[in-house]
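Asker: Residue numbers (the numbering used here): 80 to 534.
In this text, a Cβ means the ideal position worked out from N, Cα and C, and glycines have one as well.
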RNA sequence: GUGGUUGUAGCUCAGAUGGUUAGAGCGCCGGAUUGUGGUUCCGGAGGCCGCGGGUUCAAAUCCCGUCUUCCACCCCA
């Protein structure tokens, strides 16, 4: 039998990796809850009618499709099958797919359960998503997203709130970041002002989004492909460098939409002036974000000390549920990429001091009676909130000790005849090797105190 | 999806121009050491050389296909 493998772009998580990931999830979840968001869960599979057409043509290609059950070929579109037309064949052999993000399922969820929800509806979700992308570092086919969204309110307070959440999460995790803020309406206003056609807006957004990656000359070159003269391209690039909203007003004086966008940003900043932020927040007009459904504020978070692309982003989408037949419901939300956060924290050595996933104590015993005694003691300690492991048999003591040392235990509790006779347990600190005796009655209190101190 | 790159022991990697039984370090198991791990010494186990096919007297090595890894593009967390 050949060695087993897992599909490309997927990963196993070893205990220490899992523990770190849980730490990230827990930190994020705590903050989401503190801001009044409720968790929901939606299925890994959605119907393809829910998923297709929501992410653009490129996105559709990246959808994982699930073959129908049973004899799916007997019901296949024969014409499409004969002509090898994959696109046409798909609907006849697959009616489900894996979710591509958490936003579209949210829209579907809101439309389906409107009767049970009160607007504005604030929810968070921490679940895996799947994309049939070509894997690279920091880019997987299966990865977790952590999303918070508000559905059914136009208030710009939520933009400010979501920025606070970003700020607080990254501060709590000790990741230095810079938060970039822009507004799609401003971009539309710029496009309008410079005479870029509506149908070219998407291409325009993608081009300027690359400004931090490719040179200004190349960007200008690409802009001219949108029927822009060299001169106005140069002018446009200058406009994009503006970071002060006052300066921007005169440039967009002719665009009502653009001015509205400026006003929105101003209001968000007004909110944020009322509360301190830990990380830098700046206006960046070159921020565009690919997702086409954004219509208002857009935000992106970049780690300042690691080169890995964005580790979080989001924005306002005025017509979230429109595609599912419910018009006029606005949504605003952000998404945190857990896998990238993990990679950044690993690179910055931020997990080191956290003592993540440690068991408080392992009990080792030197004779049969002590082993039985250990089993009993283990039960008592667990009842006092101490996490306990017990070495399972009477292996040579050195071997037990070695096992304890290699595992993630804070203390080893050693029981032999001596300890049973005196009632004084031998406690060995596995981190620094120090050793002391603790009265049987005090063991639980002692360990709980040690754990508290290390937090 | 396009172009490139990678794969040898649990891990990191050697194995020029094809040529006996494929090596090292670390790790693992056992012993020195029957109440003390992460140090030392001695011994041992562990390989369809990613998978499939081809060329050859002979393939880890050359050719083709395929899977996987990483990189650039596209796009994105």
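1) Comparing alpha-carbon positions, which option in 443, 502, 466 lies nearest residue 477?
2) Alpha carbon to alpha carbon, how far is residue 529 from residue 473? Give it in angstroms, no decimals.
3) Note down, in chain order, each residue of its chain lying with its Cβ closer than 7 Å to the Cβ of residue 199, except the 5 sequence neighbours on either side.
4) Can you look up residue 399 in the DSSP assignment and give me helix, strand or coil?
5) Once DSSP output is grouped into helix, strand and coil, what is the label at residue 361?
6) Mapping DSSP to helix, strand and coil, what is residue 120?
7) Does the Cβ-Cβ distance between residue 419 and residue 387 come in under 7 Å?
8) Give the list of continuous alpha helix (DSSP H) stretches no shorter than 4 residues that lie fully inside the stretch 307 to 338.
9) Inspect the beta-carbon positions of residue 391 and residue 222 and report whether they are closer than 7 Å.
10) Below 8 Å on the Cβ atoms is my contact criterion, and I expect residue 362 with residue 324 to pass it. Report the Cβ-Cβ distance as a whole number of Å.
11) Could you check whether residue 340 and residue 276 sit closer than 7 Å to each other, using their CB atoms as the reference points?
12) Any idea which residues DSSP pairs residue 257 with across the strands?
13) Counting C-beta neighbours from all protein chains within 10 Å, is the total for residue 93 16 or more, i.e. buried, or is it exposed?
14) Does the beta-carbon of residue 308 have 16 or more other beta-carbons within 10 angstroms, so that it is buried, or is it exposed?
15) How far does the alpha helix (DSSP H) with residue 155 in it reach, from first residue to last?
16) Once the 5 residues before and after residue 373 are set aside, which same chain residues still bring their CB inside 8 Å of it?
17) Helix, strand or coil for residue 288, going by three-state DSSP, please let me know.
18) Suppose you measure from the CA of residue 80 to the CA of residue 91; what does that come to, to the nearest Å?
19) For the alpha helix (DSSP H) containing residue 305, name the first residue and the last one.
20) What does DSSP give as the partner residues of residue 101 in its beta bridges?
21) Count the other CB atoms within 10 Å of the CB of residue 186; is the residue buried (16 or more) or exposed (fewer)?
22) For a quick check, are the C-beta atoms of residue 190 and residue 133 less than 7 Å apart?
23) Report yes if the C-beta distance between residue 488 and residue 509 is below 7 Å; otherwise report no.
Answerer: The short version:
1) As a position in the first chain, residue 477 is number 398, starting the count at 1. The shortest CA-to-CA distance from residue 477 to any of 443, 502, 466 is the one to 443.
2) The residue given as residue 473 occupies position 394 in the first chain. The residue given as residue 529 occupies position 450 in the first chain. Straight through space, the alpha carbons of residue 529 and residue 473 are spaced by roughly 28 Å.
3) Sequence index remark: in the first chain, residue 199 carries index 120 (1-based). Excluding five sequence positions before and after residue 199, the CB atoms of its chain that fall closer than 7 Å to its own CB belong to 229, 230, 231, 232, given in chain order.
4) Counting from one through the first chain, the residue named residue 399 turns up at place 320. If DSSP states are grouped into helix, strand and coil, residue 399 belongs with coil.
5) Your numbering for residue 361 matches position 282 in the first chain. If DSSP states are grouped into helix, strand and coil, residue 361 belongs with the strands.
6) Translated into positions along the first chain, residue 120 becomes position 41. The three-state reading of DSSP puts residue 120 in coil, since its state is none of H, G, I, E or B.
7) Reading the first chain from its first residue, position 340 is the one you call residue 419. Reading the first chain from its first residue, position 308 is the one you call residue 387. Cβ distance < 7 Å, so residue 419 and residue 387 count as in contact.
8) The qualifying runs are 309 to 319, 324 to 330.
9) As a first step, residue 391 is located in the first chain; it is residue number 312 there, counting from the start. As a first step, residue 222 is located in the first chain; it is residue number 143 there, counting from the start. Not in contact: residue 391 and residue 222 (Cβ atoms no closer than 7 Å).
10) Counting from 1 along the first chain, the entry for residue 362 is found at position 283. Counting from 1 along the first chain, the entry for residue 324 is found at position 245. The pair is a contact, with the Cβ atoms about 7 Å apart (cut-off 8 Å).
11) By 1-based counting over the first chain, the position of residue 276 is 197. By 1-based counting over the first chain, the position of residue 340 is 261. Here residue 276 is not near residue 340, since their CB atoms are 7 Å or more apart.
12) Start at 1 with the first residue of the first chain, and residue 257 comes out as number 178. As DSSP reads the structure, residue 257 sits in a beta bridge with 359, 381.
13) What you label residue 93 is simply residue 14 of the first chain in a count that begins at 1. The residue is exposed, with fewer than 16 neighbouring Cβ atoms inside 10 Å.
14) Taking the first chain and counting its residues from 1, one reaches residue 308 at position 229. Exposed, by the Cβ-count rule.
15) For this step, residue 155 is matched to residue 76 along the first chain. For residue 155, there is no enclosing alpha helix (DSSP H), as DSSP marks it with neither H nor E.
16) To locate residue 373, count along the first chain from 1; it is residue 294. Correct list, in chain order: 263, 394, 395, 396.
17) By one-based count along the first chain, residue 288 stands at place 209. Reduced to three states, the DSSP call for residue 288 is helix.
18) Against the first chain, residue 80 aligns to sequence position 1. Against the first chain, residue 91 aligns to sequence position 12. Legend: pLDDT at residue 80 = 40, less than 50; position of this residue unreliable, no value from coordinates given.
19) Locating residue 305 in the first chain gives position 226, where the first residue counts as 1. Note, residue 305: premise wrong, no alpha helix (DSSP H); not H, not E.
20) Residue mapping note: residue 101 aligns to position 22 of the first chain, counting from 1. DSSP links residue 101 through a beta bridge to no other residue.
21) Residue 186 sits at position 107 when you count from the first residue of the first chain. Buried, since its Cβ has 16 or more Cβ neighbours within 10 Å.
22) The sequence position of residue 190 within the first chain is 111, counting from 1. The sequence position of residue 133 within the first chain is 54, counting from 1. No, the pair does not count as a contact, with Cβ atoms beyond the cut-off.
23) Taking the first chain and counting its residues from 1, the one referred to as residue 488 is at position 409. Taking the first chain and counting its residues from 1, the one referred to as residue 509 is at position 430. Result yes, Cβ atoms of residue 488 and residue 509 sit closer than 7 Å.
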